[in-house]
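Have a look at the structure below before the remarks.
And the structure:
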């Protein structure tokens with residue numbers, strides 16, 4: 015894995031979907047689109063093997079996803095875990111700003127989506143299982159990200175976070191294509207509501223929000239060398255951390271951080 019430090023400093027600019035004032039309708043336009051992209055393109059397929067390794071150190075096949083948004087990639091990954099690893103995972107999706115419509119659709123996909131707010135910095139004790147984050151660790155400043163990892167370690171539960179975005183000049187430039195991609199892929203988002211069509215093709219609010227949040231995500235991303243230093247500082251007996259890259263055939267590599275109890 016390439017641990018060369020980024021030439022770009024980490025900038026914790028604001029993302030629309032982090033803001034409490036953002037109307038749920040606009041937030042859901044974004045998170046539902048991201049769910050569709052991650053599912054249709056299988057961009058997180060390589061995470062299945064990492065999840066299987068994490069679950070092997072867990073007390074059961076339970077996955078608690080944090081910052082799930084519009085459901086994210088776990089419904090698809092649940093199928094891959096069953097097909098390729100023989101694991102019948104029980105998935106619970108959570109978010110600080112729950113997507114009510116996504117919660118309804120999750121049932122049809124065999125997963126549960128909690129309709130109560132769950133903050134990844136304060137995971138309730140009743141949510142037991144391996145914790146996951148998909149394209150969400152960058153939402154936290156370094157000290158907050160460390161706290162997210164440290165809490166999982168302190169409770170002796172496996173943890174995995176995955177990022178597709180990178181803090182590199184090419185990744186930043188690639189974000190210029192995002193508005194066009196939103197226009198191309200929006201017809202795949204179900205249900206395709208009149209509001210989505212209006213705010214995508216008539217008044218391009220959705221493409222601009224998704225573009226801005228994608229750009230800021232790249233600028234916020236914790237680089238592999240930064241994650242490695244973070245996990246090395248947490249090291250203690252009985253729990254192990256690893257940072258690496260995973261790649262499925264025909265897909266771009268994703269960065270991951272995996273924590274597992276070893277006792």
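Numbering (my numbering), first residue to last: 15 to 277.
Even glycine gets a Cβ: it sits at the ideal position worked out from N, Cα and C.
Can the beta-carbon of residue i be found closer than 7 Å to that of residue j?
| i | j | result |
| --- | --- | --- |
| residue 176 | residue 270 | yes |
| residue 277 | residue 252 | yes |
| residue 181 | residue 235 | yes |
| residue 8 | residue 127 | Given that the chain is displayed from residue 15 to residue 277, the structure contains no residue 8 and the question cannot be resolved. |
| residue 189 | residue 54 | no |
| residue 68 | residue 250 | no |
| residue 225 | residue 193 | yes |
| residue 31 | residue 84 | no |
| residue 220 | residue 213 | yes |
| residue 57 | residue 178 | yes |
| residue 146 | residue 174 | yes |
| residue 123 | residue 89 | yes |
| residue 113 | residue 165 | no |
| residue 216 | residue 141 | no |
| residue 227 | residue 29 | yes |
| residue 49 | residue 86 | yes |
Is DSSP giving residue i helix, strand or coil here?
| i | result |
| --- | --- |
| residue 176 | strand |
| residue 70 | coil |
| residue 107 | strand |
| residue 59 | coil |
| residue 232 | helix |
| residue 240 | helix |
Tell me where the alpha helix (DSSP H) around residue i begins and ends.
| i | result |
| --- | --- |
| residue 215 | Unbroken run through residue 215: none, as it is neither H nor E. |
| residue 4 | With the chain represented from 15 up to 277, any question about residue 4 goes unanswered, as that position is not in the structure. |
| residue 251 | Note, residue 251: premise wrong, no alpha helix (DSSP H); not H, not E. |
| residue 97 | 88-99 |
| residue 119 | 114-122 |
| residue 274 | Looking at the DSSP string, residue 274 is not in any alpha helix (DSSP H); the run it does join, the beta strand (DSSP E), is 268-275. |
| residue 205 | Taken as a continuous stretch (DSSP letters only), residue 205 belongs to no alpha helix (DSSP H), as it is neither H nor E. |
Locate the beta strand (DSSP E) running through residue i, then write down its first and last residues.
| i | result |
| --- | --- |
| residue 163 | Not the beta strand (DSSP E): residue 163 falls in the alpha helix (DSSP H), residues 156-168. |
| residue 2 | One cannot answer for residue 2 here, as it falls past the ends of the chain, which runs 15 to 277. |
| residue 77 | 76-80 |
| residue 184 | Element bounds for residue 184: not the beta strand (DSSP E) but the alpha helix (DSSP H), 183-188. |
| residue 145 | 144-148 |
| residue 130 | 126-131 |
If residue i and residue j are in contact, beta carbons under 8 Å, what's the gap, nearest whole angstrom?
| i | j | result |
| --- | --- | --- |
| residue 121 | residue 248 | Not quite, the Cβ-Cβ distance comes to about 36 Å (not below 8 Å), so this is no contact. |
| residue 27 | residue 233 | 6 Å |
| residue 144 | residue 76 | 7 Å |
| residue 82 | residue 107 | 4 Å |
| residue 72 | residue 91 | That pair is no contact at about 15 Å. |
| residue 64 | residue 272 | 6 Å |
| residue 229 | residue 186 | 7 Å |
| residue 70 | residue 152 | Contact doesn't hold; Cβ gap of about 27 Å is too wide. |
| residue 134 | residue 162 | 6 Å |
| residue 80 | residue 150 | 7 Å |
| residue 200 | residue 47 | 7 Å |
| residue 223 | residue 40 | 7 Å |
For residue i, is the beta carbon positioned less than 6 Å from some heavy atom of the ligand FMN?
| i | result |
| --- | --- |
| residue 191 | For the structure depicted, the ligand FMN is absent and the ligand set is empty, with no information on it obtainable. |
Does residue i have its Cβ less than 7 Å from a Cβ in chain C?
| i | result |
| --- | --- |
| residue 96 | This model lacks chain C altogether, as it is built from one protein chain only. |
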